[in-house]
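Undergrad:
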Amino acid sequence: MENLGCRKETIKGWNNYPARFSTMYRPERIDDLAHFLEYKSQTILARGGGTTYGDSSINDIGINVDTSRLDKMISFNNAQGILHCQSGVTLQDICNTFIPRGYFLNVTPGTKYATVGGCIATDSHGKNWSAGSFGYYVNGFNIMLRDGKILFCDDNNNSDLFQATIGGMGMTGIIIDAYVKLKNITSSLIDVETIPFNNLKDCISLQLESLNTHEYLFSWIDSQRGGARIGTGVLQRATHVSNSLLQYKEKKKINIPFFFPNKFINAYTVKMFNYLYRTMNRTGNRFNMDLIKFFYPLDSIGNWYRLYGRRGFVEYQIVIPFDGASEVIHELLDIITRSELGSIVSAIKPVGKSKGMISFPKDGFTFAVDFIIHKSLWNILDRLDLIVSSVGGKVYLAKDARLLSESFKKMYSDKLDDWNAIRCKYNPNGGISSMMFHRLLIN
3 MENLGCRKET IKGWNNYPAR FSTMYRPERI DDLAHFLEYK SQTILARGGG TTYGDSSIND
63 IGINVDTSRL DKMISFNNAQ GILHCQSGVT LQDICNTFIP RGYFLNVTPG TKYATVGGCI
123 ATDSHGKNWS AGSFGYYVNG FNIMLRDGKI LFCDDNNNSD LFQATIGGMG MTGIIIDAYV
183 KLKNITSSLI DVETIPFNNL KDCISLQLES LNTHEYLFSW IDSQRGGARI GTGVLQRATH
243 VSNSLLQYKE KKKINIPFFF PNKFINAYTV KMFNYLYRTM NRTGNRFNMD LIKFFYPLDS
303 IGNWYRLYGR RGFVEYQIVI PFDGASEVIH ELLDIITRSE LGSIVSAIKP VGKSKGMISF
363 PKDGFTFAVD FIIHKSLWNI LDRLDLIVSS VGGKVYLAKD ARLLSESFKK MYSDKLDDWN
423 AIRCKYNPNG GISSMMFHRL LIN
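Just so we're aligned, residue 3 is where the sequence shown starts under this note's numbering, counting upward by one.
1. How would you call K114, buried or exposed, if buried means at least 16 neighbouring beta carbons within 10 angstroms?
2. Just the C-alpha distance for V67 and D33, rounded to the nearest angstrom, thanks.
3. May I ask you to report which of helix, strand or coil DSSP gives N422?
4. Consider the Cβ of Q44: report whether some Cβ of chain D lies at a distance smaller than 8 Å.
5. When you compare the region 364–373 with the region 311–321, are there three or more beta-carbon pairs, one atom per stretch, that lie closer than 8 Å?
6. At the level of alpha carbons, what is the spacing between I152 and Y298?
7. Just to confirm the assignment: which complete beta strand (DSSP E) runs, minimum length 3, are found wholly within the region 29–91?
8. Give me the Cα-Cα distance between K295 and A423, rounded to the nearest whole angstrom.
9. Are three or more beta carbon pairs between the region 10–18 and the region 302–321 nearer than 8 Å?
10. From this set, T196, S58 and G175, which residue's C-alpha is nearest P430's C-alpha?
11. Among residues of its own chain, excluding the 5 on either side of I60, which ones have a beta-carbon nearer than 6 Å to its beta-carbon?
12. Kindly give me the distance between the Cβ atoms of G170 and S435, rounded to whole angstroms, as I take these residues to be in contact under 8 Å.
13. So, is E408 buried or exposed, given that buried needs 16 or more other C-beta atoms within 10 angstroms?
14. Please confirm whether Q165 and K357 have their CB atoms less than 8 Å apart.
15. Could you please give the first and the last residue of the uninterrupted beta strand (DSSP E) stretch that includes N242?
16. Which residue wins for smallest C-alpha separation from G142, given the options I360, T110, Y218 and S89?
17. Decide if H127 is buried, meaning its Cβ has at least 16 other Cβ atoms within 10 Å, or exposed.
18. Look up Y181 in the DSSP assignment and give the residues it is bridged to.
19. Can at least three beta-carbon pairs, one atom from the region 205–223 and one from the region 232–239, be found at a separation below 8 Å?
20. According to DSSP, simplified to helix, strand and coil, what is A370?
21. Note down, in chain order, each residue of its chain lying with its Cβ closer than 6 Å to the Cβ of S70, except the 5 sequence neighbours on either side.
22. Rounded to the nearest angstrom, how far is the Cβ of Q249 from that of P102, given a contact under 8 Å?
23. Nearest to D402 by CA position, among L343, V371, W421 and D416, is which residue?
24. Please report the residue range of the beta strand (DSSP E) in which L300 lies.
25. Decide if T110 is buried, meaning its Cβ has at least 16 other Cβ atoms within 10 Å, or exposed.
26. Please name the residue, chosen from S415, L335, S341 and K355, that lies closest to W380 on a Cα-to-Cα basis.
27. Assuming S391 and M413 form a contact by the criterion Cβ under 8 Å, report the distance between their Cβ atoms to the nearest whole angstrom.
28. Taking the alpha carbon of G104 as the point to measure from, which residue in D62, S135 and K185 has its own alpha carbon closest?
29. What are the partner residues of M171, as DSSP defines its beta bridges?
30. State buried or exposed for F106, treating a residue as buried only when at least 16 other CB atoms are found within 10 Å of its CB.
31. With distances taken between CB atoms, is the gap from S161 to D292 smaller than 8 Å?
32. Please go through the same chain and pick out, in chain order, the residues whose beta-carbon is closer than 8 Å to the beta-carbon of C97, but skip the five residues on each side of it.
33. For Q319, write down the residues that DSSP places opposite it in a beta bridge.
34. For H37, count neighbouring Cβ atoms within 10 angstroms of its own Cβ and tell me buried if that reaches 16, exposed if not.
35. Could you work out which residue in F373, C121 and V353 is closest to S132 when comparing CA atoms only?
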């Protein structure tokens, strides 16, 4: 395969876990990709910005197709705000080009280095729960099947494949280009208010009372604080500013030049960080913040995952229906705080439903915690899975690297069989695979 431009290299999740030595192919043009797919001896998997955590964008037994060079913006309909672009275009490309012109993404994940194709495959969600997920703002896309055939999909054309691909984790084909609806903005600033709270009950109450008054909601949680102060943290709620200031502004990165010792992130350093963060936000405040800084705070730290050491970390993110969410998240947090494995990043925010068949977003609260990798972690996460699945919740596949097959099938049972049938219908000979696919569906 080397004569086709393939090469062996280490491929890993954004959290540096897992990492596999596998084959990568980087097409320069669509024609290159079509020619490549004539070789049907190995499985393929599209890989965009590599910003998913875990093993969803790693094919360790076949070819990883890096779409990052398919990064052309084809056209823009200014009247309708619809961008036609190739799947390798990043959110950074869109922000840089369109914020000065008065447009922004309707929904964005927490990194601007994600690609359009990746956001469709994971059906990304953001801080604006009422907007729903990324897939709601995709008017259509062209997708290349394993046999090289290209199909256009939208709500009226190949609609079953359209819905199976949104949130389908790359298992239906390689997204070539897409039509993405942008939103009008009059400023590149966000009006942000921070409010400290003392426990999980206050956190949930604050978010519920802010649902209809603020477009963006997000709460940082202290993953080490238990007892009566369990769930203590700081709420961020925000709306767009109207002041006619439109600019793409990005601060210089702080780079982490090397891997920290594996034990640098521990109960003591996490407690110190949490204390400092609570202290800095003890009284709350209100201020205007640049869009880029507000939506993509981690992007300002280059190679931030190195703080966790060479072993990397695991992010556990789940969604729980609104009804009873406070009690369920309290139970999860109690287990996490007792384990003392919860790390610096821990957050709660509301999320809205999706139209993707096996998409993660549904009406409810999403709860995310970073964990240092420890021998006792896997049993703890399996225990959390049982609680989540028992109330109709599910784990976010774009952040996962360890969910058991039986737990996955229970969490995603409502449309999983239909999704699998559509996947097989359009790729009857298979040929598309990932580490996650083998872990969750094959085993």
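Note that CB positions come from ideal geometry on N, CA and C, so glycine has one too.
TA: If we stick to the structure as given:
1. When all chains shown are included, K114 counts as buried.
2. Per the coordinates, the alpha-carbon of V67 lies some 14 Å from the alpha-carbon of D33.
3. Helix.
4. Note that chain D does not occur in the displayed structure, where there is just one protein chain.
5. With a cut-off of 8 Å, the region 311–321 and the region 364–373 count as touching, because enough Cβ pairs lie within range.
6. For I152 and Y298, the distance between alpha carbons rounds to 34 Å.
7. For the region 29–91, the full-length beta strand (DSSP E) segments reaching 3 residues or more read 46–49, 65–68, 75–79 and 84–88 along the chain.
8. The straight-line gap from Cα to Cα measures roughly 42 Å.
9. Segment contact: the region 10–18 against the region 302–321, three or more CB-CB distances shorter than 8 Å; contact assigned.
10. Comparing alpha-carbon positions, the option among T196, S58 and G175 lying closest to P430 turns out to be G175.
11. If we look at I60 and ignore the five residues flanking it on each side, its Cβ neighbours are I13, R22 and M437.
12. With 8 Å as the limit, G170 and S435 do not qualify as a contact, their Cβ atoms being about 13 Å apart.
13. Looking at its Cβ environment, which holds fewer than 16 other Cβ atoms inside 10 Å, E408 is exposed.
14. Yes, Cβ-Cβ distance for Q165 and K357 is below 8 Å.
15. A small fix is needed here, since residue 242 is His in this sequence, not Asn. In this chain, the beta strand (DSSP E) harbouring H242 covers G235 to H242.
16. The shortest Cα separation from G142 among I360, T110, Y218 and S89 belongs to S89.
17. Looking at its Cβ environment, which holds 16 or more other Cβ atoms inside 10 Å, H127 is buried.
18. According to DSSP, Y181 bridges with H86 and G142.
19. The region 205–223, when compared against the region 232–239, does touch it at the 8 Å Cβ threshold.
20. Strand, per DSSP.
21. Taken in chain order, the residues that qualify are G90.
22. Between Q249 and P102 a beta carbon distance of about 6 Å is seen, short of the 8 Å cut, so the two are scored as contacting.
23. Taking only the C-alpha atoms, the option nearest D402 is V371.
24. Counting along the chain, L300 falls outside any beta strand (DSSP E), and DSSP gives it neither H nor E.
25. When all chains shown are included, T110 counts as buried.
26. For W380, the closest alpha carbon among the candidates S415, L335, S341 and K355 is that of S341.
27. The Cβ separation is near 5 Å, so the contact holds.
28. It is K185 whose Cα lies nearest to the Cα of G104.
29. M171 is not bridged by DSSP to any residue.
30. Flag for F106 reads buried.
31. The beta carbons of S161 and D292 sit no closer together than 8 Å.
32. Closer than 8 Å at Cβ, skipping near neighbours: F106, L107, K114, Y250, L293 and I294.
33. In DSSP, Q319 forms a bridge with A370.
34. With fewer than 16 other Cβ atoms within 10 Å, it is exposed.
35. With distances taken between Cα atoms, S132 lies closest to V353.
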